[in-house]
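A short worksheet on the structure shown next.
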Amino acid sequence: MSHDRTADGYALAVERVIAAPADTVFAAFVDLYDGDRPDWVTAARLDLRPGGRWTITFRVPGVPEFTEERRITVLDPPRRLGYTATSTYDDGTVLETVVELTLDAVPGGQRVRLGQRGFPTAAIRDTYAGAWPDVLAELARRVGG
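Per this note's numbering, the sequence shown starts with residue -16, numbered consecutively.
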């Protein structure tokens, strides 16, 4: 995991090698938030196309429920998915970040990298950074890698 300060705020990156074909991993990532959702995703609507919207409601332990409105900016299956994410919390807080998922073939499978940038503080970035490894672990579990 890496953490950086960029011109548009703080950024993070996490990666994991998953032993599965790229199309399987990509589809499982989308399904994680749209189809076969885990308990912490309580609702979702997806229009998977460039410019499409992807609205997700989360209930993560220790965090008040929030909704994330994603606007898809990059769609190149099975190698890249990018979107802006606007998270709206019950207290009125709004956070906008940019997320990119990339998959690269490596010996043993796919290197799955999730990058997110635009956090206003290191503390907020670190809250999100703690969740992404769990997302990648769930993704690996789902595809058997």
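Glycine included, C-beta positions come from ideal geometry on N, C-alpha and C.
Item                                                                                                                               : Value
Can you find at least 3 beta carbon pairs, one from the region -9 to -2 and one from the region 8 to 28, that sit closer than 8 Å? : no
Helix, strand or coil for Ala5? Go by DSSP, reduced to three states.                                                               : helix
Val(-3) and Gly92 - do their beta-carbons sit closer together than 8 Å?                                                            : no
Under a three-way DSSP split, which group does Gly129 fall into?                                                                   : Residue 129 lies beyond the range of the chain shown here (-16 to 128); nothing can be said about it.
I'd like the ranges of any beta strand (DSSP E) spanning at least 3 consecutive residues and lying wholly in the region 18 to 64.  : 24 to 29, 36 to 41, 49 to 59
Could you work out which residue in Gly34, Val77, Arg32, Val13 is closest to Val24 when comparing CA atoms only?                   : Val13
What does a CB cutoff of less than 7 Å around Val126 pick up in its chain, not counting 5 residues either side in sequence?        : Ile1, Ala3, Thr7, Val8, Ala11
Measure the alpha-carbon distance for Arg28 versus Thr69 and round it to whole angstroms.                                          : 15 Å
Using 8 Å as the threshold, is the region 65 to 79 in touch with the region 48 to 55, meaning 3 or more CB pairs across them?      : yes
Which of the three DSSP states, helix, strand or coil, is assigned to Asp117?                                                      : helix
By the three-class DSSP mapping on this structure, what secondary structure does Thr110 have?                                      : helix
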